[in-house]
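Undergrad:
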Amino acid sequence: MNRLDRYVFRSAVTAFLGTLLVLTAMIWVTQALRELDIMTSQGQTILAFIFITSLALPALILGLAPAALFMAVAHTLFRMNSDSEIVVASSAGISTWRFLRPLVILALIVAACCAALSLELVPAALRQFRFEISRVRADVVAFIAQPGRFTPLAQGMVFNVRERNANGVLGGIFINDARDPNQINTYLAERGQVIDSPEGTFLVLEEGAIHRRTPGKADSNVVEFQRYAFDLSPFTSNGENTLYRAPERSFRELLNPDPKDLIYMLEAGRFREELHRRLSLPLYVLAFCSIACAALAEPRTTREGRGLALAATAPFIIFLQVVSFGLVNQVRTSPEVAPLVYLVPILFIIGSLLSLSGRFKPRMPEAIRRRLDQLAQRVVRATVQ
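Okay, so the sequence shown: first residue is 5 according to our numbering, each after it adds one.
1) For Leu121 versus Val77, is the C-beta distance shorter than 8 Å?
2) With 16 as the cutoff for other CB atoms within 10 Å, does Ile214 come out buried or exposed?
3) Please classify Gly330: does DSSP put it in a helix, a strand, or coil?
4) Quick check on Leu81: does DSSP put it in helix, strand or coil?
5) Quick check on the DSSP output: what are the complete beta strand (DSSP E) runs of length 3 or more inside the segment 172 to 206, in order along the chain?
6) Need the endpoints of the beta strand (DSSP E) that Pro156 sits in, please.
7) Relative to the C-alpha of Ala158, which residue among Arg183, Ile137, Pro151, Arg256 is closest?
8) From the DSSP output, in three-state form, read off Ser338 for me.
9) By the 10 Å Cβ neighbour count, where 16 or more other Cβ atoms means buried, how is Val348 classified, buried or exposed?
10) Assuming Phe234 contacts Leu209 under a Cβ cut-off of 8 Å, what Cβ separation, rounded to an integer in Å, is found between them?
11) Look at the alpha carbon of Gln35 and the alpha carbon of Thr57, and state the distance between them as a whole number of angstroms.
12) Using the three-state DSSP reduction, which class does Ile295 fall into: helix, strand or coil?
13) Since I believe Phe292 is in contact with Phe154 (beta carbons under 8 Å), could you give me their beta-carbon distance rounded to a whole number of angstroms?
14) In whole angstroms, what separates the C-alpha of Gly269 from that of Pro263?
15) Judging by CA-CA distance, which residue of Gly273, Val289, Ala318 is the nearest neighbour of Cys117?
16) State the DSSP-derived secondary structure class of Glu228, mapped to helix, strand or coil.
17) Is Gly243 helix, strand or coil when you go by DSSP?
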């Protein structure tokens, strides 16, 4: 790269990373708030909360990268046109194709990164996210050992603990088990500790009593004990039998699925849809970039022309986005539609190249063009005043 290439590339990369960072942070915050119960209800630390919710970042980056690239390329070209840099470069004999070379390199890098994310990294992050959520849900100690709080373990069962020592010993334990409507058991113990064993997970209670009573009867039975093992296994889950959905599967599993896989037998079309979604994503990244280049790469000296060119990209972007979602979803039930998933972005890329070469110029309807031109002139007059 020469100095011009580095300048254009640096401007586009800065805009791309800034846009991607802002969009990702905004959406991540809204998504993270949905998992706030990891701390409030499950007793996990702030570090565990940040780690688990951060596993969704690769999927967010993947979904926002094409739009961020379009906005970065459009911003770079619009700013350079506003500063007459493209006009000066054209007057110096630098062709449009030569000027766009660093932007094409950036688009190829983003497309390659999106391919790597979609094929392996995002599915791996989603699987880890599912595993961590299952682990948190199964962490009975963190769930029940919240001093002073009455925690429902199941329908009809409430757990309360007075304190929890640093070594994990629970003090002042109260368990009310009303799962059986014919007999209600209340467990009181001075202390206890959760123990994992090959037979399951148990809460070993020490120096306590069990109060057994039958609804409708005034008397109750009290059984004192020195040690009593309360079975917590029904409330734990190790996540070993987790069934992963198509978006959480690796590329190899989508390409050669196991015919005996339960999820595949139920959702074979979903596997096919996810496969073509991942393979076609780099083409849509390039298509988004090509639309921005075709609209704004030509030298323009007026604000009206630049504004109209930028506004003209909206229908193409919306159409491409809607068609891409529609076609990919249609692949689930109609495999013959799969070639169109790749053909549509290729046609947009070819159309943009023809537009840049001057062989094809899409025209906006005259009425809409005049209306947008009037609006642009109003903005210009208001800005000048």
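Built from N, CA and C at the ideal position, the CB exists for glycine as well.
Quantities reported herein were computed from a predicted structural model and do not represent experimental measurements.
TA: Reading it off the structure:
1) By one-based count along the sequence shown, residue 121 stands at place 117. By one-based count along the sequence shown, residue 77 stands at place 73. Result no, Cβ atoms of Leu121 and Val77 do not sit closer than 8 Å.
2) Locating residue 214 in the sequence shown gives position 210, counting from the first residue. So Ile214 ends up on the buried side.
3) On the sequence shown, residue 330 is found 326 positions in, with the first residue counted as 1. DSSP places Gly330 in the helix class (H, G or I) of the three-state scheme.
4) Position 77 of the sequence shown, counted from the first residue, corresponds to residue 81. In the structure shown, Leu81 sits in a helix (DSSP, three-state: H, G or I).
5) Within the segment 172 to 206, the complete beta strand (DSSP E) segments at least 3 residues long are 174 to 181, 188 to 201, listed from N- to C-terminus.
6) Within the sequence shown, residue 156 is the residue found at index 152, counting from 1. Pro156 -> beta strand (DSSP E) spans 155 to 158.
7) Walking along the sequence shown from the start, residue 158 turns up at place 154. Taking only the C-alpha atoms, the option nearest Ala158 is Arg183.
8) Reading the sequence shown from its first residue, position 334 is the one you call residue 338. Annotated three-state conformation of Ser338 is coil, per DSSP.
9) As a working mapping, residue 348 is identified with position 344 in the sequence shown. Result: buried.
10) Along the sequence shown, read from residue 1 onward, the residue named residue 234 stands at position 230. Along the sequence shown, read from residue 1 onward, the residue named residue 209 stands at position 205. Phe234 to Leu209, Cβ: 6 Å. Contact.
11) Taking the first residue of the sequence shown as position 1, residue 35 is located at position 31. Taking the first residue of the sequence shown as position 1, residue 57 is located at position 53. So the two alpha carbons sit approximately 8 Å from each other.
12) Mapped onto the sequence shown, residue 295 falls at position 291. Ile295: helix per DSSP, three-state reduction.
13) Position 150 of the sequence shown, counting from 1, holds the residue named residue 154. Position 288 of the sequence shown, counting from 1, holds the residue named residue 292. About 53 Å; that fails the 8 Å criterion.
14) Within the sequence shown, residue 269 is the residue found at index 265, counting from 1. Within the sequence shown, residue 263 is the residue found at index 259, counting from 1. Here the sequence assigns Met to residue 269, which means Gly is not the residue at that position. So the two alpha carbons sit approximately 7 Å from each other.
15) Along the sequence shown, one-based indexing puts residue 117 at 113. Nearest C-alpha to Cys117: Val289.
16) As a working mapping, residue 228 is identified with position 224 in the sequence shown. The answer is strand: DSSP assigns Glu228 an E or B state.
17) As a working note, residue 243 is residue 239 in the sequence shown. Because the pLDDT at Gly243 is just 49, under 50, the model does not fix this residue reliably, and the point stays unresolved.
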